[in-house]
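If you count the sequence shown from 1, you need to add 77 to reach the working numbering. See below for the structure under consideration.
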Amino acid sequence: MRRRLVVGNWKMHGSNAMVDQLSQALLPISRALQHTEVAVCPPFIYLARAAQLLAASAVGVGAQNVSQHGEGAFTGEVSASMLRDGGCRYVIVGHSERRALFGESDEQVIEKVQAVLAAGLTPIVCVGETLAQREADQTLAVVGAQVDAVLRQLDAQRCAGLVWAYEPVWAIGTGRTATPEQAQQVHASLRRQLQHHGAKAADVPLLYGGSVKSDNAAQLFAQPDIDGGLVGGASLNVEEFGAICLAAE
Ligand code: PGA
């Protein structure tokens, strides 16, 4: 059975108090899970605090972004090795908000993926189409090209160290979720693409993201190629997030 994974993307939300409260609440939830790994991705400033609070648990900590550079004169940036020092296991790379709002290109995404892998961390690579692209029937082509841009630069062994998140842009933060069938169609296509890269590359978790909530998670996660979720808004609410983690079991 493939690994199951539920990741909370806090985006630019949180406080010391919230890190403490959510971390405490996650401890019993993670103990109740046998097949599902859970990770949280708070803003940079809270990573070390979350990592300390969760150190004795199975809950992983991840960053929402990373510099593609190793070190140097890059004011405001944080490197992958710093994230490892801070206790991170995962790094979200190429989230659509970074692509759309901060102009992140496929080239930067692949450089960041390589930096994260070189630091011994796991990139969670986000891909997804806009509403206009879906309506123009370009979903599989757009997602396929985003995935291909990364795969072309990595051998099969390094591809085995990735996690992918399919996040239709039109479903993020909108309350409008892809139907389980729509999500499965893209996941199946992504899985086939990875299979061309070798069995190990295809054996990695494929997460769905975009308005995952406690009331739609079970149906999404029941699809054969959906191995968990990347959860934004609902990860800020302990009851919601806990129920989503349980749905992945
Ligand atoms: P959402 O965000 O769950 O709030 O739609 C998901 C994401 O952006 O990762």
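Just so it is clear, CB atoms sit at the ideal spot from N, CA and C, and this is done for glycine as well.
Within 7 Å, strictly: CB atoms of Arg-161 and Ala-125: no
Is the region 241-257 in contact with the region 211-225, if contact means three or more CB pairs nearer than 8 Å? yes
Rounded C-beta distance between Ala-128 and Val-138? I'm assuming under 8 Å. 5 Å
Contact set for Gly-238: own chain, Cβ-Cβ below 7 Å, skip 5 residues either direction: Leu-194, Thr-199
Would you mind listing the alpha helix (DSSP H) stretches within the region 81-150 that are 4+ residues and don't spill past its ends, in chain order? 93-108, 121-130
Is Ser-288 near the ligand PGA, with its Cβ less than 6 Å from a heavy atom? yes
Can you give, in chain order, each stretch of the beta strand (DSSP E) that sits fully within the region 191-264 and has at least 3 residues? 199-204, 240-243
Considering only the beta carbon of each residue, do Val-170 and Lys-189 sit closer than 7 Å? yes
Can you check which of these residues, Arg-253, Ile-187, Gln-98, Gly-252, is closest to Arg-235 by C-alpha distance? Ile-187
Kindly indicate which three-state DSSP category Val-170 falls into: helix, strand or coil? strand
Could you have a look at Val-308 and say whether DSSP puts it in helix, strand or coil? strand
Straight-line Cα distance separating Leu-283 from Ala-299: 13 Å
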